[in-house]
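The block underneath contains the structure these notes are about, expressed in structure tokens.
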Amino acid sequence: MSDQQNIVVIGASVAGHEIINTLVPLLPSEYRLLLVDQFGFGFWPIGSLRAAVVPGWENRVTAPLNTETVFPAGSPHRVIAPNKVVQLKQDSIVLEHPFEGKKEVPFFRCILATGSSQPIPMRPSDGATETSYRDELVQLQRDIAKAKKVLVVGAGPVGLEMAGEIREAHPNKAITIIHSLSHVLNPTSPPQPNKDQSGYTAPTSLPKLSLALEKQLAQLNIDLVLDDRVIIPPPGTVSPSSIEWDGTPGRTSDGGIKSVRTASGKTIEADFVFVSIGNKPNSGLVKDVDAGAVKGGMIWVDEYLRVRSDKLSKYYAIGDCSTSPGWKTSQGAVYDAVGAAANIIAEVKGKGAKKYKRPTMHGLAVTLGQETGSIQLTVPLFGTMLFPFPSMIKSMKGEKLLVEDHFATRFKGSEAVALPPVAA
């Protein structure tokens, strides 16, 4: 049992891990960090799509999550994983399993970095272990390899990148993308990477970025259906033996070609359906305490990134789960983490918090495999610019998907995290 005051971080997401790394060198010795996560491993969503398609990549997108991989030797800080937070209280959290002999853990401040829920491969299934998640990725690789006709539902960054990964690995496979808007992504002129959020929305993008990607999709022989949406049958309403798709993502139930209906009356044939719509912020813990602190499904925060609730006045929320301003991207999560960390340190020192202002600098890179795709970059004073250059795509993201530069480097503990190299 420690006599130090706890600062609890719930969620080892990009935001959660970043705020841990920011706070470690800044906290006085009277405080310790506790990182709680439901999984006993960290995972890298940016590389998960390739890991679901390309054999060997399943070993490059996970790493053990424990005190030794996260914190330096001799550190008082601890990782509590795998474990779940089941209740939030004003001055403490309640865990599913005991820590230091108790399920209730008091704190000085608590940061909610619970992210959003997405289906496999972007997020592991509930209760997954590192081994079972890798096994699921390998099974997806096999299912996609067997499929003759792939349908991708949603042309946001995830849907586009999944289609690009499948095309690069399987040059002759039929691939169709369907999207509810008149162009891919969420084109807005100008894009607003630091706009306030009232609900979960896709990042806004340059119309030129959408047009550039649409041209590349055509060159890759990927069919695109715009201004239409798939009708997803409710569970149990379609027999698995029917020629109609039953609404289950992934390989069709019997491996056969199914008819997927759209709102406009079209029929698209597919034996593998990848659904990349419907991100849901993980705000349930807050809703259970104060439903008024949830706005548009997200945890409602003030200009200091603190939760807007008298019942949860010692909580911050950052990243995908919160209404923090700006795009819900890994870069945005890092910005949130740094902003919240500064205010927590101010509170530790008895000083006033500063209003959070999301930096304007922001990039959106959409890759269609290793060497195809486009990048938009928003720079102060210069605005938003488009960079559709293959060499830039490959070097910045496409080849290694930031695994070495932004995933492996998150783990700063005494036990090194080693990931296998990209296969030649």
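The opening position of the sequence shown corresponds to residue 68 in the numbering used here, with each subsequent residue numbered one higher.
A virtual CB, placed ideally from N, CA and C, is assigned to each residue, including glycine.
Only a predicted model underlies this, so the values are computations on that prediction, with no experimental measurement involved.
- Residue range S397 to V415 is occupied by the alpha helix (DSSP H) that includes Q398.
- N73 sits in a strand when the DSSP states are folded into three classes.
- Runs of alpha helix (DSSP H) with 4 or more residues, each lying fully within the stretch 346-396, are found at 351-356, listed in chain order.
- Counted as a single uninterrupted DSSP element, the alpha helix (DSSP H) harbouring G83 occupies residues V81 to L90.
- Three or more Cβ pairs drawn from the stretch 102-113 and the stretch 150-167 lie within less than 8 Å of each other, which places the two stretches in contact.
- Just so you know, the alpha carbons of P348 and F341 end up roughly 20 Å apart.
- As a beta-bridge residue in DSSP terms, M452 pairs with L444.
- In this structure, DSSP gives S115 a helical state, which the three-state scheme calls helix.
- With distances taken between CA atoms, L227 lies nearest to V292 out of V292, L207 and F166.
- Per the DSSP secondary-structure output, Q283 pairs with nothing in a beta bridge.
- If you check the CB distance, D357 and L372 do not come in under 9 Å.
- Distance from the CA of K424 to the CA of S306, rounded to the nearest whole angstrom, comes to 51 Å.
- Following the DSSP letters along the chain, one finds P173 inside the beta strand (DSSP E) bounded by residues K169 to P173.
- When secondary structure is reduced to three states using DSSP, E471 falls in the helix class.
- Scanning the stretch 184-245 from its first residue to its last, the whole alpha helix (DSSP H) runs of 4-plus residues come out as 197-213 and 224-236.
- K213 is the residue among L94, K213 and S142 whose C-alpha sits nearest the C-alpha of V120.
- Assignment of K325 by DSSP, reduced to helix, strand and coil, places it in the strand class.
- Looking at the backbone, the Cα of S183 and that of N346 are separated by about 6 Å.
- The Cβ neighbour count for S199, taken over all protein chains shown within 10 Å, is under 16; the residue is labelled exposed.
- Sequence-distant Cβ neighbours of P186 in its own chain, meaning closer than 8 Å and more than five residues away, are P316 and V342.
- Sequence-distant Cβ neighbours of P457 in its own chain, meaning closer than 6 Å and more than five residues away, are E438.
- The continuous beta strand (DSSP E) containing E163 extends over residues S159 to F166.
- Comparing alpha-carbon positions, the option among G78, G114, P122 and R117 lying closest to L101 turns out to be G78.
- In the three-state DSSP reduction, S462 falls in the helix class (H, G or I).
- With fewer than 16 other CB atoms across the displayed protein chains lying within 10 angstroms of its CB, L93 is exposed.
- A direct Cα-to-Cα measurement between F138 and M459 gives close to 34 Å.
- Just so you know, the alpha carbons of K395 and H429 end up roughly 11 Å apart.
- For A82 against I385, the beta-carbon gap comes to about 5 Å, under 8 Å, which counts as contact.
- Taking the Cβ atoms as the reference, T329 lies roughly 6 Å from R296, within the contact range of under 8 Å.
- The closest CA to that of S142, considering only Y98, Q154 and L162, is found on Y98.
- In the structure shown, E125 falls within a helical segment according to DSSP collapsed to helix, strand and coil.
- One alpha carbon belongs to C177, the other to V374, and they sit about 10 Å apart.
- According to DSSP, D338 shares a beta bridge with no other residue.
- Here G109 is bridged, per DSSP, to A130.
- For the options L453, S441, V75 and H473, the alpha carbon positioned closest to that of L284 is the one of S441.
- The alpha-carbon of F454 is positioned some 11 Å away from that of M463.
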